[in-house]
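Numbering-wise (this note's numbering), the sequence shown opens with residue 10 and increments by one.
Think of the CB as a built atom: it goes at the ideal place given N, C-alpha and C, for glycine as much as any other residue.
See structure below.
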Amino acid sequence: MAVIYLVRHGQAGQNALDNATGGGFEAAYDRLSELGRIQAEATGRALAERTPQGTPVIHGPLVRQRDTAAVIAEALGSPPPCVHDAWREIRFGDILTPWFRERPDIVADLGKARAGLLPRPQVDRVNRELTDAVGRWADGPEFPAFRRRVRAGLQDAARTAADTGALVVVSSGGPIAACVAEMLPGVRWTTLLMTVLNGSVTTIGVTPEAGPGMRLRSLNEHAHLDRQDGKGGHPLRTFG
């Protein structure tokens with residue numbers, strides 16, 4: 010069985026919240042942090058242990074996707090990665106900026122949560138409100154076109170993987186969650202979206218039957234990101 014390895018980019022945009030209400034969120038977010046590069050390196054090493062040397066790598070058009078893919082391709086000894094627009098993330102800044110302007114308290118709480126300064130119950134509350142805000146967009150008119158775009162990209166990836174035996178796709182939480190939702194009918198996209206860690210690996214098996222066929226094999230693998238620090242924390246586990 011051929012395999013598609015869906016990889017979420019490394020941590021990005023540590024200063025994006027500074028631009029949350031001014032319309033600059035997207036540009037500020039679209040760059041890997043230093044930790045994001047370390048995550049990409051860890052993911053590259055993990056994939057090198059389970060994929061053939063030279064496995065092809067593709068990625069979406071965003072900077073954080075491209076830079077993560079470059080690190081992984083180097084680890085795999087792969088040709089230069091190819092870009093495919095189907096794997097572009099939705100523009101969360103466009104979705105959330107109006108909400109951030111109405112709710113400056115949420116922006117402040119998100120900053121505290123990222124710094125580890127917000128108590129767990131408040132983190133859970135902020136995450137629920139964030140999920141609800143994104144969910145309102147997913148109930149709107151733009152979401153079906155997003156799903157169609159990702160579905161077409163996944164079908165292209167399956168055909169490539171069927172020919173090559175394996176394919177690494179570096180994308181973002183939204184498209185990866187959409188791929189998984191294709192294979193888990195009834196599970197909300199927003200629920201899946203909030204589970205995908207930076208640098209995690211989701212695998213889809215590709216069979217030669219009908220089209221080719223696809224089966225979800227794993228979701229959000231992150232054992233390669235489980236290194237503990239001196240305080241017992243896991244600094245490579247991030248969602249940003």
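Judging by CA-CA distance, which residue of the options is the nearest neighbour of residue i?
i	options	result
P184	P70, T52, E111, G31	P70
L163	L201, G222, P128	G222
N207	G102, P244, A142, F155	P244
P107	A175, G31, N24	G31
Q74	V143, S180, E50	S180
P90	P65, D172, E151	P65
A171	T216, A186, E230	T216
In angstroms with no decimal places, state the Cα-to-Cα distance between residue i and residue j.
i	j	result
I47	L105	28 Å
V12	G195	24 Å
N136	V159	25 Å
T60	T200	29 Å
D238	G149	42 Å
I81	D118	33 Å
G230	E138	The residue asked about is misnamed: residue 230 is Glu in this sequence, not Gly. Computed Cα separation, rounded: 26 Å.
Would you decide whether residue i is buried or exposed? Buried here means 16 or more other CB atoms lie within 10 Å of its CB.
i	result
A161	exposed
E58	exposed
Q62	exposed
L41	buried
R224	exposed
Starting from the C-beta of residue i, find all residues in its chain whose C-beta is less than 7 Å away, skip the five residues before and the five after it, and write them out in chain order.
i	result
R132	Just to set this straight, residue 132 is Val in the shown sequence, not Arg. For V132, where only same-chain residues beyond five positions count, the Cβ hits under 7 Å are A122.
S227	T211, T212
F109	A29, T30, I115, V116
Within its chain, find whatever has a CB closer than 6 Å to the CB of residue i; leave out the 5 residues flanking it on each side and keep chain order.
i	result
G249	Q20
R156	A187
- [ ] Would you be able to state if there are at least three C-beta pairs under 8 Å between the stretch 79-91 and the stretch 159-169?
- [x] In this structure the stretch 159-169 does not touch the stretch 79-91; the number of beta carbon pairs closer than 8 Å is below three.
TODO: Pair every Cβ in the stretch 57-71 with every Cβ in the stretch 92-101, then say whether three or more of these pairs are closer than 8 Å.
DONE: Between the stretch 57-71 and the stretch 92-101 there are three or more inter-stretch CB-CB distances shorter than 8 Å, so the stretches are counted as touching.
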